[in-house]
Amino acid sequence: VSTRRVITLTTDFGLRDPYVAQMKAVLLSMAPDAEIVDVTHEVEPQDVIEGAFVLETTWRYFPAGSVHVAVVDPGVGTSRRRLILQKEGHTFVGPDNGLLSCALPDSRRQQRRDGDSYEAGMVTDITAFCIDRLDLLPRPPSATFEGRDVFAPIAALLAARAEPADFGPATQEAFAVQRFRAPVDGAALRGVCVRVDRFGNLITDIRGEDVAPESAVSLGRRRLPLARTYGEADGLCAVIGSTGYVEVALANGNAAADLGAGKGSAVVCEARR
Amino acid sequence: VSTRRVITLTTDFGLRDPYVAQMKAVLLSMAPDAEIVDVTHEVEPQDVIEGAFVLETTWRYFPAGSVHVAVVDPGVGTSRRRLILQKEGHTFVGPDNGLLSCALPDSRRQQRRDGDSYEAGMVTDITAFCIDRLDLLPRPPSATFEGRDVFAPIAALLAARAEPADFGPATQEAFAVQRFRAPVDGAALRGVCVRVDRFGNLITDIRGEDVAPESAVSLGRRRLPLARTYGEADGLCAVIGSTGYVEVALANGNAAADLGAGKGSAVVCEARR
Amino acid sequence: VSTRRVITLTTDFGLRDPYVAQMKAVLLSMAPDAEIVDVTHEVEPQDVIEGAFVLETTWRYFPAGSVHVAVVDPGVGTSRRRLILQKEGHTFVGPDNGLLSCALPDSRRQQRRDGDSYEAGMVTDITAFCIDRLDLLPRPPSATFEGRDVFAPIAALLAARAEPADFGPATQEAFAVQRFRAPVDGAALRGVCVRVDRFGNLITDIRGEDVAPESAVSLGRRRLPLARTYGEADGLCAVIGSTGYVEVALANGNAAADLGAGKGSAVVCEARR
Chain A
1 VSTRRVITLT
11 TDFGLRDPYV
21 AQMKAVLLSM
31 APDAEIVDVT
41 HEVEPQDVIE
51 GAFVLETTWR
61 YFPAGSVHVA
71 VVDPGVGTSR
81 RRLILQKEGH
91 TFVGPDNGLL
101 SCALPDSRRQ
111 QRRDGDSYEA
121 GMVTDITAFC
131 IDRLDLLPRP
141 PSATFEGRDV
151 FAPIAALLAA
161 RAEPADFGPA
171 TQEAFAVQRF
181 RAPVDGAALR
191 GVCVRVDRFG
201 NLITDIRGED
211 VAPESAVSLG
221 RRRLPLARTY
231 GEADGLCAVI
241 GSTGYVEVAL
251 ANGNAAADLG
261 AGKGSAVVCE
271 ARR
Chain B
1001 VSTRRVITLT
1011 TDFGLRDPYV
1021 AQMKAVLLSM
1031 APDAEIVDVT
1041 HEVEPQDVIE
1051 GAFVLETTWR
1061 YFPAGSVHVA
1071 VVDPGVGTSR
1081 RRLILQKEGH
1091 TFVGPDNGLL
1101 SCALPDSRRQ
1111 QRRDGDSYEA
1121 GMVTDITAFC
1131 IDRLDLLPRP
1141 PSATFEGRDV
1151 FAPIAALLAA
1161 RAEPADFGPA
1171 TQEAFAVQRF
1181 RAPVDGAALR
1191 GVCVRVDRFG
1201 NLITDIRGED
1211 VAPESAVSLG
1221 RRRLPLARTY
1231 GEADGLCAVI
1241 GSTGYVEVAL
1251 ANGNAAADLG
1261 AGKGSAVVCE
1271 ARR
Chain C
2001 VSTRRVITLT
2011 TDFGLRDPYV
2021 AQMKAVLLSM
2031 APDAEIVDVT
2041 HEVEPQDVIE
2051 GAFVLETTWR
2061 YFPAGSVHVA
2071 VVDPGVGTSR
2081 RRLILQKEGH
2091 TFVGPDNGLL
2101 SCALPDSRRQ
2111 QRRDGDSYEA
2121 GMVTDITAFC
2131 IDRLDLLPRP
2141 PSATFEGRDV
2151 FAPIAALLAA
2161 RAEPADFGPA
2171 TQEAFAVQRF
2181 RAPVDGAALR
2191 GVCVRVDRFG
2201 NLITDIRGED
2211 VAPESAVSLG
2221 RRRLPLARTY
2231 GEADGLCAVI
2241 GSTGYVEVAL
2251 ANGNAAADLG
2261 AGKGSAVVCE
2271 ARR
């Protein structure tokens, strides 16, 4: 049995700059046997909601024992808190701004959004640990790059079996975004596109299990029946994608470009389960 | 001696989305000691030919025992088959659409293309294994992401010394593209640009060993003598590049932009060996 | 204690082409336990100065014993030399064109630039080793890709504890760029933007420790007070960034786009320490 711990990174740093490499350098200096995996570094700059969505759809595929570091952090250097969370054997490290929402119990998060978009709000009755013990860091942190100077070293120590409580007091509050799940509107679901992937697929917040089998989805004036897979469709279609959300796709093409749609576009599912 | 097995990934998924990370998560869950290396994830979306070319020019540099997973898969979810191939101690996993052509014996592939472009066709008298035993997967696959749900777990099991025959019946047929080698036209070679690299170098399918020593290549109205290396040339030149194919390059510049040329542009070598 | 050696890669190869993968394939074939980390592959093509700056700001975060391979190499195939350098337990491998400047003693490099931009010049009284023993390579190198054919195999051997002197004679000369440190102009510092990061932050060569506490910086007609962190500012600000250099940033925006500024833009610090 391998004893390597997986440490994942989810950031908006991109790969052009050496920021990610500096985080990995710190991780490997303190946890030389860690296996570091990039989830993505191409979250839209400072888009906490998108980062939360990406992490939510990915963390469960990693082995138990993984440490997930997420840094989309417009509030770096301000008084926003830093958190350690644990769920089902996984550990999460990052700023307290909603980015780590997937690590909170579903029962504590707002079950569906009220308005047209997602935003972070305070939830209570949860268990988290604050990162306050900056004296435990190998060097004093800079004011602008806590990913490298705080979150990476803490993650390395957690991967080496430190306990969350070592780094600060427990707290029962944290910021969280609503669950990514389109709200009900009569017999329909009022979805929204939460991201566009490389293929131009429009990924919505409509959960596959919420959709009636013979339903169709509408985007603008287009009404699209649900197909089982991209290859079945001729042209535009809607499918339940690989992460369980309804996607609008164009076989061998780019649906977002074709439809002039994107993040925030309304997508309605006409018949809910 | 290390016992780590290398698993390589060649896809058109890009790095912006978490799809590659989900594949790595599955690989590390099942083969925790594997060393995963990205060949590229920037194959043009659904361009099987380009994926086949990239894999062909790269796999031999990896150590024997490596498992190569390739997923450029416009037919995902349809009845296209999934294959395991073996060659010179390397194992290849992916869809049966020509992407894994390099793993087939050269003698079975069409030796040179007939027309102006490459395409996949059926070849026979080869040995491959179908991936049919989806009951061996850790969870039922989604209809749209077999890279994560089928190919990654199979690759992890193969890296852990499972046998190809464990996953389905042998087959003697597979799709393959022609060998990447410009056809003869009298004393000349009728080449084509198969990809453009980051530097704007136009990489052709003209093999260096097919070219007469004092030959030149023509692209549009330009006639370019063969140089030994970029640094020797002043301006546009043709060189035998690092993968053995003739490239058209512009010293300290971008040949593709300068010439208005790209994938599919004709490049003629005037004197063949 | 882990015995894995870290090998870092800094290149201008991008991630679209398989060149980086070919280097990793060679590294893992010869040093199967190495841990390979990408610093960046998105250095502007053939921009040796930018590569030198990126490596300089990053190498110290890696553990001692790391081998740093850097390839931004417009002179590949010409008579430019190849070097191995050592500093504080780290080893550096790459072309002799200034890219490895950070591995030379600060005392030997020109302390501040004279003109408006950086360039490589010969420095003396240093200790380096030339890579001449190409007979030690596993196969004869191509004329156009020494990253894969020379630097990667040499790095793998160095990671496996070969000595720099094994590969060629010592030399006391190397190319180096000036230290990245804005020159003095009376009471001011005459800085320049050396790179723009993903967030549009303009990173200058003005060292934080050279700046008087209550100073401001000017870029074009804008005069910006120094803030402690991005979050403190409302709009445009200057901060001492995470690598110790003054940066011009726009809170929740892109300073480079907003100001129409970029690499080479003049940034003046009005009061030096």
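Protein chains in written order, with this note's numbering: chain A, 1 to 273; chain B, 1001 to 1273; chain C, 2001 to 2273. Beta carbons: idealized from backbone N, C-alpha and C, even for Gly.
Contact with chain C by residue i, beta-carbon distance below 8 Å
i: A/V150; result: no
i: A/L83; result: no
i: A/A120; result: no
i: B/A1182; result: no
i: B/F1199; result: yes
i: A/V1; result: With a pLDDT of only 41 at A/V1, under 50, the local geometry of the prediction cannot be trusted, and no value is derived from it.
i: B/R1133; result: no
i: B/R1161; result: no
Beta-ladder partner(s) of residue i, from DSSP
i: A/F62; result: BP columns for A/F62 are empty, so no partner.
i: B/G1191; result: B/V1267
i: B/V1248; result: B/L1202, B/A1238
i: C/G2121; result: C/A2176
i: C/C2102; result: Per DSSP, none; premise fails for C/C2102.
i: B/G1094; result: B/L1083
i: B/S1218; result: B/R1223, B/V1268
i: A/A128; result: A/T171
i: B/R1207; result: B/Y1245
i: C/D2185; result: C/A2188
Where residue i meets chain A, residues with beta-carbon distance less than 7 Å
i: C/Y2245; result: Simply none; closest approach about 11 Å.
Residues that residue i contacts on chain B, provided the C-beta gap is smaller than 7 Å
i: C/T2144; result: T1229, Y1230, V1239, G1241, S1242
Beta carbon proximity, residue i to chain B, threshold 8 Å
i: C/G2077; result: yes
i: A/D267; result: Looking at the sequence provided, one finds Val at residue 267 of chain A rather than Asp. Not an interface residue.
i: A/E42; result: yes
i: A/V54; result: yes
Closer than 8 Å to chain A by CB, residue i
i: C/P2063; result: yes
i: B/P1045; result: yes
i: C/V2048; result: no
i: B/G1264; result: no
i: B/P1140; result: no
i: B/P1032; result: yes
Partner residues on chain C for residue i, Cβ-Cβ distance less than 9 Å
i: A/V274; result: The structure shown does not extend to residue 274 of chain A, since chain A is modelled only from 1 through 273, so no value can be given for it.
Neighbouring residues, chain A, relative to residue i (Cβ below 8 Å)
i: C/T2058; result: P18, A21, Q22, A25
Under 7 Å from the C-beta of residue i: neighbouring residues of chain C
i: B/D1038; result: A2021
i: B/E1035; result: L2028
i: A/P276; result: This structure cannot settle anything about residue 276 of chain A, because the visible part of chain A is limited to 1 through 273.
i: B/V1006; result: L2028
Interface partners of residue i on chain B, CB under 9 Å
i: C/P2074; result: Y1230, G1231, A1251, N1252
i: A/E214; result: By Cβ distance, chain B contributes nothing, its closest Cβ being about 17 Å from A/E214, past 9 Å.
i: C/L2015; result: L1015, D1038, T1040, H1041, E1042, R1198
Chain F contact for residue i (CB, 8 Å cutoff)
i: A/R207; result: No chain F is present in this structure, whose protein chains are A, B and C.
Chain-ordered neighbours of residue i on chain B, where CB pairs are closer than 8 Å
i: C/S2029; result: Y1061, F1062, P1063
Partner residues on chain A for residue i, Cβ-Cβ distance less than 9 Å
i: C/V2067; result: Going along chain A, no residue has its Cβ under 9 Å from C/V2067, so there is no contact; the nearest lies around 13 Å.
Cβ contact (3+ pairs, closer than 8 Å) linking the stretch 144-151 of chain A and the stretch 11-28 of chain A: Yes, the stretch 144-151 of chain A is in contact with the stretch 11-28 of chain A.
Would you say the stretch 1123-1135 of chain B touches the stretch 1057-1070 of chain B, given that touching needs at least three Cβ pairs under 8 Å? Contact annotation: the stretch 1123-1135 of chain B does not touch the stretch 1057-1070 of chain B, with fewer than three C-beta pairs closer than 8 Å.
Taking the runs of the beta strand (DSSP E) that are 3 residues or longer, which of them lie wholly in the stretch 1005-1087 of chain B? Counting only runs of at least 3 residues, the stretch 1005-1087 of chain B fully encloses the following beta strand (DSSP E) elements, listed from N- to C-terminal order: 1006-1011, 1035-1040, 1067-1071, 1082-1087.
At what residue ranges does the stretch 1142-1177 of chain B contain a whole run of the beta strand (DSSP E), taking only runs of 3 or more? Restricting attention to beta strand (DSSP E) runs no shorter than 3 residues, the stretch 1142-1177 of chain B encloses them at 1174-1177, ordered along the chain.
Check whether the stretch 1108-1121 of chain B touches the stretch 225-244 of chain A, taking contact to mean three or more Cβ pairs, one atom from each stretch, closer than 8 Å. Here the stretch 1108-1121 of chain B does not lie against the stretch 225-244 of chain A, with fewer than 3 beta-carbon pairs under 8 Å apart.
Would the stretch 1012-1020 of chain B and the stretch 1043-1050 of chain B be scored as touching if the rule is three or more Cβ pairs under 8 Å? Touching, yes, given that three or more Cβ pairs across the two stretches are closer than 8 Å.
Pairs of beta-carbons, one from the stretch 2173-2185 of chain C and one from the stretch 2102-2114 of chain C, closer than 8 Å: are there three or more? With a cut-off of 8 Å, the stretch 2102-2114 of chain C and the stretch 2173-2185 of chain C count as touching, because enough Cβ pairs lie within range.
Quick check: the stretch 2260-2270 of chain C against the stretch 2190-2203 of chain C, are at least 3 beta-carbon pairs closer than 8 Å? Judged by Cβ distances under 8 Å, the stretch 2190-2203 of chain C makes contact with the stretch 2260-2270 of chain C, as three or more pairs qualify.
contact_flag[the stretch 1160-1170 of chain B, the stretch 1081-1100 of chain B] where n(CB pairs < 8 Å) is 3 or more: With a cut-off of 8 Å, the stretch 1081-1100 of chain B and the stretch 1160-1170 of chain B count as touching, because enough Cβ pairs lie within range.
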